[in-house]
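Structure, as structure tokens:
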Amino acid sequence: MNNIGLLIVCPLSPYLEQELENSFKVFKIWQFEDRNQFFNTQGNSIRAVVGSSPAGVDAELIETLPNLKIVSSCSVGLDKIDLVKCKEKGVRVTNTPDVLTDDVADLAIGLILAVLRRLCESDRFVRSGKWKKGDYKLTTKFSEKSVGILGMGRIGTAIAKRAEAFNCSISYHSRTQKPNLNYEYFPSVVELASNCQILVIACSLTEETRYIVNREVIDALGPKGVLINVGRGLLVDEPELVAALVEGRLGSAGLDVFENEPEVPEELFGLENVVLLPHVASGTVETRKAMADLVLGNLKAHFTNKPLLSPVV
Ligand code: 8YV
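Numbered per the numbering used here, the sequence shown spans residues 388 to 700.
Next up, the structure:
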């Protein structure tokens, strides 16, 4: 496969980049200052693209690569890939589901605990020497709270299972009700937010779900409510979220994702009722290796005419 042109559209783990280089003729898009020149000279040779959550392929890039056959994303989220265009052009698409589910669900619970039990603030309290000068204020119990999950797919289900172990009551909203689940289903996000104390966003970003958590949802969650986001920043109306946190209309938030990563609204930096993470839900050594191996497995399967391991298109 060493003569197959493969374009990487955003930096990946050193392991994945090296493995790709061992098997393909790799081009890294960020290394070309003049991209038009690159596409003019190498565009025809590119048969595969590898991206991740920061960058995928839009319609323009797909049109620019006439011999593109497969897009393999090192992410479960597909929001950066124009799936309709891929289908139209006969370009196969794969992602990395399942292997990251545990990590993302674990981190959602970690964020809930960090927010409610003020773990980061407590750590700062000890490090700054303030413990010696006074008592630390009490925090909020997690066990037995009501948890609403937005998006009851693989990740939502794994979060629900974990929250059940904390004796939480679980409810959810998703496109359709899941007949095999005993959790309460709400047909709208506002109803879900009105009926839970902690709202966890675990759905995928599509045209339909963009800004699904708007002011109405945030207000329904209310001044004691907790918002956790392990999905995508664009699922939330970020200026509304920031305003609600600053004004105390929303209780607190644990955020792993933001609208314009790595930019994070600076108004959040001074708030103690938020925990901010740099999009690390799948960021463990074990899971990133498994994601990389799935990307490699899909590409190798495609170019040896075997069934794809995790096909999307
Ligand atoms: C990122 C993710 O891909 O899988 C997803 O959709 O958002 C993450 O796992 C990962 O952080 C690499 O950027």
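For each residue, glycine too, the CB sits at the ideal point set by N, CA and C.
Note that this is a predicted model, so its numbers are computed, not measured.
- Taken through DSSP and simplified to helix, strand or coil, residue 463 comes out as coil.
- A direct Cα-Cα distance of roughly 13 Å separates residue 687 from residue 479.
- The Cβ atoms of residue 661 and residue 494 lie no closer than 9 Å to each other.
- Distance check between residue 595 and each of 580, 583, 413, 623 places 623 closest, using alpha-carbon atoms only.
- In this structure, 606 is the residue among 606, 389, 475, 593 with its C-alpha nearest to the C-alpha of residue 584.
- A distance filter of 5 Å between CB atoms and the heavy atoms of the ligand 8YV selects the following residues in sequence order: 439, 440, 462, 463, 464, 669.
- Between residue 503 and residue 526, the CB-CB gap stays under 9 Å.
- Between residue 407 and residue 443, the CB-CB gap reaches or exceeds 9 Å.
- Within the same chain, 486, 487, 489, 490 come within 8 Å of residue 674 by CB-CB distance, once the 5 residues on both sides are set aside.
- A Cβ-Cβ distance of about 11 Å is found for the pair residue 602 and residue 625, leaving them out of contact under the 8 Å criterion.
- By the Cβ rule, the stretch 558-573 counts as touching the stretch 521-535, because three or more pairs are nearer than 8 Å.
- Boundaries of the alpha helix (DSSP H) harbouring residue 474: 470-476, taken from the DSSP string.
- Judged by DSSP secondary structure, residue 640 falls within the beta strand (DSSP E) whose first and last residues are 639-642.
- For residue 525, no beta strand (DSSP E) encloses it, and the DSSP letter there is neither H nor E.
- Residue 414: member of the beta strand (DSSP E) spanning 412-415, first to last residue.
- Under the three-state reduction of DSSP, residue 689 is assigned to helix.
- For residue 597, same chain residues with a beta-carbon under 8 Å away, outside a window of 5 residues either side, are 621, 622 in chain order.
- Listed in chain order, the non-local C-beta contacts of residue 508 below 6 Å within the same chain comprise 659, local neighbours out to five positions each way being set aside.
- Contact annotation: the stretch 666-684 touches the stretch 390-404, with at least three C-beta pairs closer than 8 Å.
- In chain order, 507, 641, 662 place their CB closer than 8 Å to the CB of residue 501, counting only its own chain and leaving out the 5 sequence neighbours on each side.
- Annotation for residue 442: no alpha helix (DSSP H) segment contains it, and DSSP assigns it neither H nor E.
- In the three-state reduction of the DSSP assignment, residue 492 falls in the helix class.
- For residue 628, the enclosing alpha helix (DSSP H) covers residues 625-634.
- Pairing residue 512 with residue 518, the inter-Cα distance amounts to about 6 Å.
- In the DSSP assignment, residue 571 is bridged to 558.
- Residue 481 has 459, 698 as its beta-bridge partners, per DSSP.
- If you ignore the 5 residues before and after residue 575, its C-beta comes within less than 8 Å of the C-beta of 560, all in its own chain and listed in chain order.
- For residue 477 and residue 668, the gap between their C-alpha atoms comes out near 32 Å.
- Put simply, the backbone Cα of residue 452 is about 49 Å away from that of residue 635.
- Taking the Cβ atoms as the reference, residue 391 lies roughly 21 Å from residue 422, outside the contact range of under 8 Å.
- With respect to the 9 Å criterion, residue 496 and residue 436 are not classified as neighbours on the basis of their beta carbons.
- Considering only 471, 697, 692, the residue with the shortest C-alpha distance to residue 388 is 692.
- Between residue 445 and residue 415, the CB-CB gap reaches or exceeds 9 Å.
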